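A quick write-up on the structure given underneath.
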Amino acid sequence: MNQNEPHLARLAAYAETMMNGEMAEQFGAICSRTGADGTIEVLLITTRETHRWTIPKGWPIKGLKPNKVAEREAWEEAGVKGKAEKKPFGYYTYLKVFDSENVMPSMVEVHRLQVKKVCAKFPERKERTLEWLSPSEAATRVQEPELKSLLARLTESPAQTPWQKKLGREKRSLIPPSLSGEAFGKAERQRAT
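The sequence shown maps to residues 1 to 193 in our numbering.
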């Protein structure tokens, strides 16, 4: 496998395998926090073998839901704790390299994880490099096009704090059901005249 080839060219060699559904399944976490200036920061880590930039991810764990696996991998690989959303944020594919002769296409189900705590001591701290970046900078560091796209989406859909979500619900509740849709627009026009 030539690491200098574009990502999609490397995946193309495994197209038949992927079309037959013979892909490994993994679960990952896009870990984010709000920086001191109020902007979103994303955590990237390096892989242990090839030292590529990626997100924490791992294999399914019996008895754990995908979002809980993502939380565990974020802790083990990056030392962050938080709550991962149950609903997947998206998916990406990559080639999992076991050794020079064993490569398997892998589909990663990605969950957003809002970081609540960063720990200095964690299981894989001596094996990885960690860096907090803007979503756009993080997207330039990873190789996989689909992961680039997921990271870029973070600038379009920032994480809401619980009070922002509550405010959003309160704003919606201020509009009576009888004045929704076209009826609401008509009432607004009448009030303006």
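Backbone N, C-alpha and C fix where the C-beta goes; we use that ideal spot for every residue, glycine too.
Predicted model only: the values in this text are computed from it and were never measured.
Flag this pair as yes or no: are the beta carbons of residue i and residue j separated by less than 7 Å?
i, j, result
"residue 71", "residue 88", "no"
"residue 132", "residue 64", "no"
"residue 112", "residue 137", "no"
"residue 60", "residue 29", "no"
"residue 114", "residue 82", "yes"
"residue 141", "residue 45", "no"
"residue 107", "residue 25", "yes"
"residue 27", "residue 69", "yes"
So residue i is in the beta strand (DSSP E); what residue range does that whole segment cover?
i, result
"residue 108", "102-118"
"residue 44", "40-46"
"residue 155", "Neither: residue 155 is in no beta strand (DSSP E) and is coded neither H nor E."
"residue 131", "130-133"
"residue 98", "90-99"
"residue 124", "Note, residue 124: premise wrong, no beta strand (DSSP E); not H, not E."
"residue 61", "Unbroken run through residue 61: none, as it is neither H nor E."
"residue 50", "From DSSP, residue 50 is part of no beta strand (DSSP E); its letter is neither H nor E."
"residue 28", "24-34"
Does the Cβ of residue i lie closer than 6 Å to at least one heavy atom of the ligand SAH?
i, result
"residue 154", "You won't find the ligand SAH in this model; it holds no ligand whatsoever."
Nearest-angstrom Cα distance between residue i and residue j?
i, j, result
"residue 120", "residue 79", "7 Å"
"residue 103", "residue 23", "11 Å"
"residue 100", "residue 48", "15 Å"
"residue 150", "residue 135", "9 Å"
"residue 116", "residue 75", "11 Å"
"residue 147", "residue 155", "14 Å"
"residue 123", "residue 35", "25 Å"
"residue 257", "residue 152", "Any answer about residue 257 is impossible in this case: the structure gives the chain only from 1 up to 193."
"residue 144", "residue 95", "10 Å"
"residue 53", "residue 31", "14 Å"
"residue 118", "residue 73", "14 Å"
"residue 50", "residue 66", "25 Å"
"residue 77", "residue 58", "9 Å"
So the alpha helix (DSSP H) residue i belongs to, where does it begin and stop?
i, result
"residue 69", "66-78"
Output yes if chain B places a C-beta closer than 7 Å to the C-beta of residue i; else output no.
i, result
"residue 51", "Absent here is chain B; the protein component of the structure consists of one chain."
Applying the criterion that 16 or more other CB atoms from any shown protein chain within 10 Å of the CB defines a buried residue, is residue i buried or exposed?
i, result
"residue 33", "buried"
"residue 126", "exposed"
"residue 38", "exposed"
"residue 62", "exposed"
"residue 92", "buried"
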